[in-house]
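There are 2 protein chains.
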Amino acid sequence: MSCTVSIHPSGRTIAVARGTSLHDALAAAGEGLALPCGDQGRCGRCLVRIEGDVKRRSTARLSAEQVAQGWALACQTTVEGDLRVIVPSQEELLARPEVIAGAEKAAVTAQACEHAAEPWVRALRLTIDAPTLEDNTTDWERLQREFARQHGVRGVVASLRVLRRLAATLRAGDWTVTAVLARGTWLEPDAPPRLLDLRPGDATGPSYGVAIDIGTTSVVVYLADLASRALVDQAAAYNGQIACGEDVISRIIYARRNGGLERLRSLVVETINALLDEVFARQGIAAEDVYWATVAGNPTMIHLFLGLDPQFIGLEPYIPTVNHPVPVRAEELGLRLNPEAVVDCHPGVGAYVGADIAAGVLRSGMHEGEVLTLFIDVGTNGEIVLGNSDWLMACACSAGPAFEGAGVASGMRAAPGAIEEVWIDRRTAEPTLRTIGDTPPKGICGSGMISLLGELFVTGVVDKGGRLNRDLDTPRVRLGDDGPEYVLAWAGDSNDGSGSQDGGRDRNNGRDIVLTEADIQNLIRAKGAIYAGFSVLTESVGLTLDDVERIVIGGAFGKYIDVEKAVAIGLLPDVPWERFEYLGNTSIQGAYRALLCRECRAAVTGIGNKMTYLELSADNRFMEQFTSALFLPHTDLASFPSVKRELARLAAPPGSEEGGDT
Amino acid sequence: MSCTVSIHPSGRTIAVARGTSLHDALAAAGEGLALPCGDQGRCGRCLVRIEGDVKRRSTARLSAEQVAQGWALACQTTVEGDLRVIVPSQEELLARPEVIAGAEKAAVTAQACEHAAEPWVRALRLTIDAPTLEDNTTDWERLQREFARQHGVRGVVASLRVLRRLAATLRAGDWTVTAVLARGTWLEPDAPPRLLDLRPGDATGPSYGVAIDIGTTSVVVYLADLASRALVDQAAAYNGQIACGEDVISRIIYARRNGGLERLRSLVVETINALLDEVFARQGIAAEDVYWATVAGNPTMIHLFLGLDPQFIGLEPYIPTVNHPVPVRAEELGLRLNPEAVVDCHPGVGAYVGADIAAGVLRSGMHEGEVLTLFIDVGTNGEIVLGNSDWLMACACSAGPAFEGAGVASGMRAAPGAIEEVWIDRRTAEPTLRTIGDTPPKGICGSGMISLLGELFVTGVVDKGGRLNRDLDTPRVRLGDDGPEYVLAWAGDSNDGSGSQDGGRDRNNGRDIVLTEADIQNLIRAKGAIYAGFSVLTESVGLTLDDVERIVIGGAFGKYIDVEKAVAIGLLPDVPWERFEYLGNTSIQGAYRALLCRECRAAVTGIGNKMTYLELSADNRFMEQFTSALFLPHTDLASFPSVKRELARLAAPPGSEEGGDT
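Quick mapping for you: the protein sequence lines, in order, are chains A and B.
For the record, in the first sequence the residue sitting at position 360 is 359 according to numbering that gives the first Met the number 0, with numbers rising by one throughout.
For the record, in the second sequence the residue sitting at position 279 is 278 according to numbering that gives the first Met the number 0, with numbers rising by one throughout.
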């Protein structure tokens with residue numbers, strides 16, 4: 000029996016025998032779809048929408064809702080009658096990631112809050128009577144008088160630096176000036192308004208602020224217009240301190256050297272300043288127009304940034320100098336903003352749970368509802384918070400920088416050219432890649448690591464102990480200088496799956512992009528530490544991971560994280576995928592919200608105060624759980640049922656799969 | 000007839016003829032007294048006390064009370080019967096200046112007030128529980144907890160600098176520390192207590208403060224122990240800015256040069272730092288133990304010290320940037336104190352009446368009583384305040400630095416070796432000198448200038464126009480390189496009147512000490528400006544100088560000022576001498592009181608706020624009065640009746656004097 004398949008939007012039609020694979024039918028009509036996973040229904044790249052009669056070999060990748068809406072994977076579907084097929088463009092698939100089966104992915108954007116709070120900084124225009132012999136009040140008292148008269152603002156204070164320019168500015172503007180005023184702070188809400196800057200004439204142009212996230216591995220800045228609350232630009236780079244140690248403990252040890260603390264301090268300030276210079280240059284903005292900075296980071300990062308001695312964070316009983324740092328002027332820290340800019344380091348919670356996590360909780364909103372939520376920030380430290388509006392419990396576990404693309408052979412940050420998604424053909428072990436910006440691959444970022452390791456594991460290239468299968472008949476698995484490795488992309492290779500046409504310029508510096516067995520061990524230790532953290536935290540409050548209603552993932556991954564692969568390697572617990580939500584770098588997003596809103600800033604402090612900190616270094620359960628988690632996905636496969644099923648499905652002979660074969 | 004004169008304390012007795020000069024009688028008995036003024040009853044150096052019958056040729060130098068007490072000038076007294084004479088020692092005469100006829104002189108000392116106010120800064124000892132895994136509060140919150148528990152102090156704030164040393168200090172002192180805490184300020188009495196320093200262990204030793212007077216010509220520092228309120232040391236030097244101009248206007252002009260303001264700022268900071276180094280070294284005190292500084296000075300000096308642009312002080316309508324400067328940390332100004340030390344610049348009043356005057360009024364106490372008082376601070380600017388507890392009116396007139404020993408050929412500060420009192424023998428024009436510290440003369444200080452010019456005038460060496468009498472038969476008046484001059488001391492000369500025996504080492508650098516006609520003109524302009532200020536100020540409130548009940552003189556003179564001579568040259572008004580009171584450098588004394596007392600500091604602000612400022616630059620009456628005052632003592636000799644009488648007495652033939660001759 001012949002069935003007619005009409006294909007849209009091309010309008011092509013083809014007749015095929017009943018039982019033909021839909022993928023083959025489309026290919027015969029000249030509309031071949033990529034099959035990166037090798038016809039195994041894992042990659043979701045052959046997703047189409049159908050109207051008509053089909054048989055599905057597997058719907059494992061699709062939700063019931065998606066099946067009801069007619070979504071189908073062409074490789075897993077056979078034609079059973081006349082059929083109308085809508086083929087989404089690649090762009091459409093990528094732009095609407097939510098339609099991609101199962102693996103919950105959400106585009107991450109900086110979002111301001113809904114509060115209508117007064118901004119930290121406002122530019123006010125003042126017109127002032129010129130002095131005379133009869134009205135010979137000083138410049139400063141004259142200005143104060145007009146603040147009160149024209150804007151109802153009283154008791155303004157100013158630093159010596161601002162006073163030093165006062166006389167000249169008043170006269171340069173012919174007694175019209177624009178005052179940049181900071182009103183109150185979170186620490187001293189009743190503090191007098193502070194004059195940060197005075198510009199001659201009517202210069203009520205934009206005033207800017209920056210949110211800064213200082214990660215152990217990566218530093219991110221967001222530039223915002225404080226009045227319009229618009230995100231203007233952003234930039235990220237590796238923390239220059241990496242040269243002095245890859246994780247928090249190494250940095251603390253380095254800081255004990257003679258001059259070590261000052262070197263770490265200046266390295267991170269240089270990193271931040273370079274990012275500031277980058278966005279200011281790109282936007283044509285003067286550093287002097289930036290008046291506020293919020294800073295999030297773990298306690299050690301904040302200590303190093305402020306030049307505070309972190310050494311007692313590293314020694315039992317793990318005591319930071321301060322959880323609530325004082326506001327500091329940019330000049331005092333050497334930040335290239337307006338010298339008077341207020342630099343607000345968000346408060347920490349415990350020795351290893353910091354402002355980054357309070358900011359992340361703010362972004363997640365978990366502190367506002369009753370839904371029991373597990374928040375995890377995957378960074379060099381994996382910090383985990385469990386709770387809801389009633390209570391919050393936090394812990395931290397040292398994951399290392401592997402998920403941030405550091406400390407692994409071909410790792411890189413989530414930047415253009417970073418491989419962020421990988422599919423491996425089970426039969427050939429050949430990879431298909433997707434890179435950020437669809438440019439030729441330069442390295443592998445964190446989400447790419449998860450995707451790659453997950454693929455290598457489910458396709459059997461890597462075993463549960465993390466060892467590469469050297470018996471496979473493929474040049475991709477080889478013995479490199481650092482031991483066994485998998486070659487993800489050959490030097491000059493352009494099979495990045497994006498059809499890039501630039502002929503291989505500027506990629507990977509002429510080296511193969513590989514994942515070594517040592518890298519795999521790093522990744523397994525990292526995911527094991529985080530998973531052990533989940534387990535101990537839930538256990539400590541008498542719950543199990545199944546009780547968790549929502550799992551929020553934060554981290555410096557790319558735009559997406561492949562939850563399925565993260566579960567496959569045992570990084571995330573095996574609970575229904577719809578419970579997962581990926582929010583990207585929650586630390587910078589929380590800092591960004593606090594930059595734009597006093598209420599959000601106050602909420603960060605409130606979150607920090609409410610959070611109970613569980614010190615894992617003092618917890619034997621953690622080491623037990625960690626040891627159990629040093630396998631893919633875990634020693635106890637029973638706690639990963641979906642992974643167990645998938646492994647069984649892939650390992651079984653074709654006939655045993657659900658539905659008929661072609 | 001022979002009379003018996005018994006002399007005490009020596010016990011000698013001599014018989015002399017009736018009518019013998021008492022001075023001659025004493026000389027015959029081997030008890031010759033110095034007669035610096037040449038037997039004219041002007042110098043008071045032959046003052047003795049008598050019991051018995053005498054005739055007085057003149058009692059002009061003595062008050063009625065002193066005559067009643069038996070005081071007499073030996074040179075002006077003849078023996079009329081048996082007599083008992085008590086000869087005070089030189090030391091006694093100098094140590095009890097109040098017995099010296101007429102010229103009111105008071106020893107000037109730094110005096111703390113009588114208030115019992117809490118000091119600005121206190122050192123508190125704290126013992127802190129060491130942290131444990133159970134009690135793992137941060138270092139800073141732990142310290143805060145103990146501030147509240149042990150001292151009832153809450154909400155302490157600290158700068159980043161102090162926080163940076165916190166962790167190490169707590170542990171270095173094995174959890175006992177000494178906190179140096181500043182409580183509130185005059186600007187923000189409700190401001191949170193501020194931790195200025197943290198010392199390991201129990202280190203509740205002294206905390207120091209400095210009062211600084213920045214004069215246009217001279218800079219003075221007083222070092223005090225803040226807890227015991229004791230004056231520890233003091234030092235003074237010329238303001239290094241003199242190299243850039245001698246008066247306020249020259250400095251303002253210099254500040255307009257490229258880099259000029261910064262150069263002036265750093266010059267005065269260097270001057271202050273050198274004085275601080277000097278007293279700290281002498282007392283063995285560390286700069287880090289000095290936590291508070293009060294600064295008085297005229298508005299231009301305060302502007303330059305703070306790096307504020309003074310140029311609009313110099314241009315009509317004469318507008319300072321600020322009258323009430325913000326408190327600044329020592330570090331920000333480059334002062335070598337504890338970097339966290341609070342530097343409190345006292346408030347100014349108008350463009351040319353500053354914190355120095357408010358401080359001086361505080362010292363004078365004129366703001367507290369009903370006595371109509373005229374306060375004059377003789378410096379490079381002569382500032383004058385008239386009023387009492389009901390009202391205060393102030394003006395300033397540019398005198399130039401002559402009275403501070405600058406800008407005149409042989410001028411120097413009131414320091415050891417400075418000539419501060421001069422007597423001239425009318426017959427020979429030979430001088431007798433008294434120097435500070437009774438050391439060989441090195442130059443002439445301000446009070447010496449007044450004394451010298453007064454003597455030159457009343458002895459006829461200088462005429463009322465300020466010209467030297469070149470017809471006199473004396474080598475003292477000669478034509479020097481800079482025109483006519485009077486030689487006060489020859490190079491290597493030791494006739495300093497003090498019997499110094501050091502043979503002329505280290506004196507005057509081998510040059511004669513002279514007063515040139517140009518110097519005299521400088522002095523006349525200076526005294527004329529000040530006198531014109533008195534006149535206009537009293538006139539502006541409908542009073543005359545006769546209405547003034549008390550005249551308080553401040554200024555960087557030596558220990559004394561010779562009021563008689565100051566009246567003789569027309570610097571001070573000719574009112575009864577008992578109305579005068581000399582308080583020395585009132586600016587530093589006011590700053591010193593405010594350093595030790597919050598109430599005094601608040602009073603300085605209150606005084607400044609209460610003071611009405613009269614701008615003389617806009618007042619035609621001032622120029623008229625100034626022109627009239629450019630003579631010795633004044634165009635209108637009638638307003639100087641005592642000077643007129645004295646000139647008549649000295650000019651008259653011997654027979655016309657009161658009483659008989661020998």
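Where is the CB? At the ideal position from N, CA and C, for every residue including glycine.
Delimiting residues of the alpha helix (DSSP H) encompassing residue i
{"i": "ILE560/B", "result": "Here ILE560/B belongs to no alpha helix (DSSP H), and DSSP marks it neither H nor E."}
{"i": "PHE533/B", "result": "516-539"}
Contacts around residue i, its chain only, beta-carbon distance under 7 angstroms, and the 5 residues preceding and following it disregarded
{"i": "ALA166/B", "result": "ASP138"}
{"i": "GLU73/B", "result": "For the record, residue 73/B in the displayed sequence is Ala; it is not Glu. If we look at ALA73/B and ignore the five residues flanking it on each side, its Cβ neighbours are LEU21, HIS22, LEU25, LEU32, CYS45, VAL47."}
{"i": "ALA650/A", "result": "none"}
{"i": "ARG466/A", "result": "GLU516"}
{"i": "SER641/A", "result": "VAL566, ASP573"}
{"i": "LEU522/A", "result": "ALA401, MET448, LEU452"}
Alpha carbon of residue i to alpha carbon of residue j, nearest angstrom
{"i": "HIS7/A", "j": "ALA593/A", "result": "47 angstroms"}
{"i": "THR203/B", "j": "ALA226/B", "result": "11 angstroms"}
{"i": "LEU336/A", "j": "ASP546/A", "result": "46 angstroms"}
{"i": "LEU274/B", "j": "LEU334/B", "result": "11 angstroms"}
{"i": "LEU305/A", "j": "GLY258/A", "result": "15 angstroms"}
{"i": "GLY101/A", "j": "SER217/A", "result": "In this prediction, GLY101/A has a pLDDT of 30, which is less than 50 and means its spatial position is unreliable; what the coordinates show is noted afterwards. GLY101/A and SER217/A: Cα-Cα distance of roughly 29 angstroms."}
{"i": "GLY607/A", "j": "THR168/B", "result": "27 angstroms"}
{"i": "ALA601/B", "j": "VAL156/A", "result": "19 angstroms"}
{"i": "SER534/B", "j": "ARG524/B", "result": "15 angstroms"}
{"i": "VAL562/B", "j": "ASN135/A", "result": "36 angstroms"}
{"i": "THR473/B", "j": "PRO430/B", "result": "11 angstroms"}
Given residue i as reference, the closest of the options once Cα atoms are compared
{"i": "ILE213/A", "options": "LEU595/A, ALA590/A, LEU646/A", "result": "ALA590/A"}
{"i": "GLU287/B", "options": "THR293/B, GLY208/B, VAL268/B", "result": "GLY208/B"}
{"i": "ILE383/A", "options": "TYR530/A, SER62/A, ARG255/A", "result": "TYR530/A"}
{"i": "VAL47/B", "options": "GLY29/B, HIS366/B, LYS54/B, LEU21/B", "result": "LEU21/B"}
{"i": "GLY605/A", "options": "LEU631/A, HIS366/A, VAL562/A", "result": "HIS366/A"}
{"i": "SER616/B", "options": "ARG524/B, TYR317/B, ILE356/B", "result": "TYR317/B"}
{"i": "HIS150/A", "options": "THR177/A, LEU169/A, SER158/A", "result": "THR177/A"}
{"i": "LYS441/A", "options": "GLY459/A, VAL486/A, ALA398/A", "result": "VAL486/A"}
{"i": "GLU261/A", "options": "PHE579/A, THR299/A, ASP308/A, VAL231/A", "result": "ASP308/A"}
{"i": "ARG475/A", "options": "LYS463/A, GLY509/A, THR427/A", "result": "THR427/A"}
Chain-order list of residues whose beta-carbon lies under 8 angstroms from that of residue i (same chain, five-residue window excluded)
{"i": "VAL15/B", "result": "SER1, CYS2, VAL4, ASP23, ALA24, ALA27, VAL78"}
{"i": "LEU646/A", "result": "VAL457"}
Contact set for residue i: own chain, Cβ-Cβ below 6 angstroms, skip 5 residues either direction
{"i": "TRP174/A", "result": "ILE127, ALA129"}
{"i": "VAL327/A", "result": "VAL342"}
{"i": "GLY80/B", "result": "CYS2, GLY51, ASP52"}
{"i": "ILE375/A", "result": "ILE383, ILE552"}
{"i": "GLY445/A", "result": "PHE402, GLU403, GLY404, PHE556"}
{"i": "GLY200/B", "result": "GLY172, THR175"}
{"i": "VAL98/B", "result": "The predicted position of VAL98/B is uncertain, since its pLDDT is 34 and thus under 50; a value taken from the coordinates is nonetheless stated next. Taken in chain order, the list of residues that qualify is empty."}
Start-to-end residues for the beta strand (DSSP E) that takes in residue i
{"i": "LYS54/A", "result": "46-55"}
Nearest-angstrom Cβ-Cβ length linking residue i and residue j, presumed shorter than 8 angstroms
{"i": "GLU548/B", "j": "VAL278/B", "result": "Not a contact, Cβ separation roughly 38 angstroms."}
{"i": "ALA567/A", "j": "GLY453/A", "result": "4 angstroms"}
{"i": "ILE587/A", "j": "ALA210/A", "result": "6 angstroms"}
Amino acids of chain D, ordered along the chain, whose beta-carbon sits closer than 8 angstroms to that of residue i
{"i": "ALA602/B", "result": "In the structure shown, chain D does not exist; the protein chains are A and B."}
beta-carbon residue i near the ligand GTP non-hydrogen atom, thresh 8 angstroms
{"i": "GLY10/A", "result": "In terms of ligand content, the structure shown is empty, and the ligand GTP therefore cannot be addressed."}
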